[in-house]
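A.B. asks: Provided herewith is a single structure, encoded as structure tokens, for subsequent inquiry.
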Amino acid sequence: MVFMLSLSGHRFLWLSYFVIIRAILIDLGALMAGSVVQELKSILEKRIMVLDGAMGTSIQGYKLDEADFRKGHFEDHPSPLKGNNDLLSITRPDIIEEIHDSYFAIGADFASTNAFSGTTIAQADYNLENAVYQINYESAQCARRSADRWTAKTPDQPRYVVGCLGPTNRTASISPDVNDPGKRLVTFDELVTAYRQAADALIDGGTDIIMIETVFDTLNAKAALFAVIQMKEERQLDTPVMISGTITDASGRTLSGQTAEAFWISLMHGGLMSIGLNCALGAKDMLPHIKLLDKNATCLISAHPNAGLPNEFGEYDETPEQMAEQVRPFLSEGHVNIIGGCCGTTPAHIAALKKLADEYSPRPIPENFHALDATPKGDK
Ligand SMILES: [Zn+2]
């Protein structure tokens, strides 16, 4: 009773301490976030930065079996888990870190988190909606540990964690049923909720940048962007945001029917660090669409194409040298600020791209580009 009285008597004092400490923590957080965006800006003014390559291709090389996907965490899960690569961040973090290390070792600047399917929507296929926070958190942690190791080794080249938000396996703007054009398997609000949960966990795990990637439906990307902007406001974060779409066919459009130019216009309100393209096409077929983005976008440009087009077995045959030659005009003609690889790329491919990146100057930072300015909070 005495304790309770004294607690209530000091409640005001305790509250004051709490408010002061919280304010200090928020300021510290803002300061640290500010330093990452300032670092990034000063690097991107000088050179082309390099994203890592495929995670899936590297994982395949380990010849893992069902037990690896369950180890210590999902032993009793009733359905098969092999192929749910995101789980390896939890069950085999040693492997995921080794893969991040392999890309940092050849000079990549960014590690993208192994959480491509880390939303409740994508994990519903495995009945693993409950594991989504852990997937994103541990994926960010794997990349964070690896990035910090390499930053300590090469302080003149700090390394960064890119937290990935994948497209999910449902589309908000296209019906899955030709006889019912109004039918949708997911709503905008459901996507926002799912993306917000994933984004919070990625940030909690130590992510520097959020990348909404492999966007085939712009409405899904808008939901992800909405969730990220909301998170940044609520949590007072300066986290830079990258968006990367995917052109799925020869008509030069995304699955939801947009050209690269329309794609940019749909998302330009988001205060983006970069817009770009990845996956689906090899570098050669991606180039005209990157040129369109370069011509129009007032933020930075990224590209991470596949190692060519898959053969009839779904494998990628393009060698690092072949890929580098296809990618060369992206850099020699000054179209990009960030380059990397998607499906089928290995550390050898990314090493070849890093060599190219060091040969050429980056696309000039557009006028009125403020996504990496350390602006005071609430003044954007
Ligand atoms: Zn890909």
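In terms of the numbering used here, the sequence shown opens at residue 13 and continues consecutively. We treat Cβ as the ideally placed atom computed from N, Cα and C, and that holds for glycine.
Closer than 7 Å: is that where the CB of Asn97 sits relative to any heavy atom of ligand 1?
C.D. replies: no
A.B. asks: Once the 5 residues before and after Gly265 are set aside, which same chain residues still bring their CB inside 7 Å of it?
C.D. replies: It should be pointed out that residue 265 corresponds to Arg in this sequence rather than to Gly. Beyond the five residues adjoining it in sequence on each side, Arg265 comes within less than 7 Å, by CB distance, of Ile259 and Thr271 in the same chain, given in chain order.
A.B. asks: Going by alpha carbons, who is nearest to Gln50 out of Ile221, Ala233 and Gln242?
C.D. replies: Ile221
A.B. asks: Alpha carbon to alpha carbon, what distance is there between Ile133 and Tyr328?
C.D. replies: 28 Å
A.B. asks: Tell me whether the beta-carbon of Asn349 lies closer than 8 Å to the beta-carbon of Ser256.
C.D. replies: no
A.B. asks: Using the C-alpha atoms, what's the distance from Phe381 back to Leu76?
C.D. replies: For Leu76 and Phe381, the gap between their C-alpha atoms comes out near 44 Å.
A.B. asks: Going by other Cβ atoms of all chains shown within 10 Å of its Cβ, with 16 needed for buried, is Tyr115 buried or exposed?
C.D. replies: buried
A.B. asks: Going straight from the alpha carbon of Asp160 to that of Ile107, what length do you get?
C.D. replies: Spanning the two alpha carbons is a distance of roughly 17 Å.
A.B. asks: Below 7 Å, is the gap between the Cβ of Cys154 and the nearest heavy atom of ligand 1?
C.D. replies: With a cutoff of 7 Å, Cys154 does not count as near ligand 1, since its C-beta is closer than that to no heavy atom of the ligand.
A.B. asks: Within this structure, are the beta carbons of Thr184 and Val198 separated by less than 8 Å?
C.D. replies: Looking at the sequence itself, residue 184 is Ala, so the reference to Thr does not match. Going by C-beta atoms, Ala184 is nearer than 8 Å to Val198.
A.B. asks: Using the Cβ count rule (16 or more neighbours within 10 Å means buried), how would you classify Gln96?
C.D. replies: The amino acid occupying residue 96 in the given sequence is Asn; Gln does not appear at that position. Classification for Asn96: buried.
A.B. asks: Could you tell me which whole alpha helix (DSSP H) segments of length 4 or greater appear in the region 192–234?
C.D. replies: Listed in chain order, the complete alpha helix (DSSP H) runs (minimum 4 residues) inside the region 192–234 are 200–216.
A.B. asks: Give the straight-line distance between the Cα atoms of Val62 and Ile147, rounded to the nearest whole angstrom.
C.D. replies: 25 Å
A.B. asks: Measure the alpha-carbon distance for Gly68 versus Cys355 and round it to whole angstroms.
C.D. replies: Just so you know, the alpha carbons of Gly68 and Cys355 end up roughly 7 Å apart.
A.B. asks: Between which residues of its own chain and Arg82 is the CB-CB distance below 7 Å, once the five residues before and five after are set aside?
C.D. replies: His89, Leu93 and Thr103
A.B. asks: Give every residue of the same chain whose Cβ lies closer than 6 Å to the Cβ of Val48, excluding the five residues on either side of it in the sequence, and list them in chain order.
C.D. replies: Asp220
A.B. asks: If you count every other CB in all the chains shown that lies within 10 Å of the CB of Ser124, and 16 or more means buried, which is it?
C.D. replies: buried
A.B. asks: Please go through the same chain and pick out, in chain order, the residues whose beta-carbon is closer than 8 Å to the beta-carbon of Ala363, but skip the five residues on each side of it.
C.D. replies: Ile118, Gly119 and Pro332
A.B. asks: Have a look at Gly346 and Cys291 and give me their C-alpha separation to the nearest angstrom.
C.D. replies: Each residue's Cα considered, the two are about 21 Å apart.
A.B. asks: In its own chain, which residues sit with a C-beta less than 7 Å from the C-beta of Lys5, not counting the 5 before and 5 after it?
C.D. replies: There is no way to answer for residue 5, as the model of the chain reaches only from 13 to 392.
A.B. asks: Using the Cα positions of Ala233 and Ile224, report the straight-line distance between them to the nearest angstrom.
C.D. replies: 7 Å
A.B. asks: CB Thr357 to CB Ala66, shorter than 8 Å?
C.D. replies: yes
A.B. asks: Taking the C-alpha atoms as reference points, what is the distance between Phe275 and Leu177?
C.D. replies: The straight-line gap from Cα to Cα measures roughly 17 Å.
A.B. asks: Here's the rule: buried if 16 or more other CB atoms are within 10 angstroms of the residue's CB, otherwise exposed. What is Thr166?
C.D. replies: exposed
A.B. asks: So which of Asp121, Glu141, Asn139 and Ala206 has the shortest CA-CA distance to Val174?
C.D. replies: Asp121
A.B. asks: Taking only runs of the beta strand (DSSP E) that begin and end inside the region 79–131, which ones reach a length of at least 3 residues, in chain order?
C.D. replies: 122–124
A.B. asks: Quick one: is Tyr138 buried, meaning 16 or more other Cβ sit within 10 Å of its Cβ, or exposed?
C.D. replies: Under this definition Tyr138 is a buried residue.
A.B. asks: Who are the Cβ neighbours of Asp113 in its own chain at under 8 Å, not counting the five residues just before and after it?
C.D. replies: Taken in chain order, the residues that qualify are Ser158, Arg161 and Trp162.
A.B. asks: Quick one: using the 10 Å Cβ neighbour count with 16 as the cut-off for buried, is Gly282 buried or exposed?
C.D. replies: buried
A.B. asks: Tell whether a beta-carbon distance below 8 Å holds between Thr131 and Ala206.
C.D. replies: yes
A.B. asks: Please classify Ser91 as buried or exposed, where buried requires at least 16 neighbouring CB atoms within 10 angstroms.
C.D. replies: Ser91 is exposed by the Cβ-count criterion.
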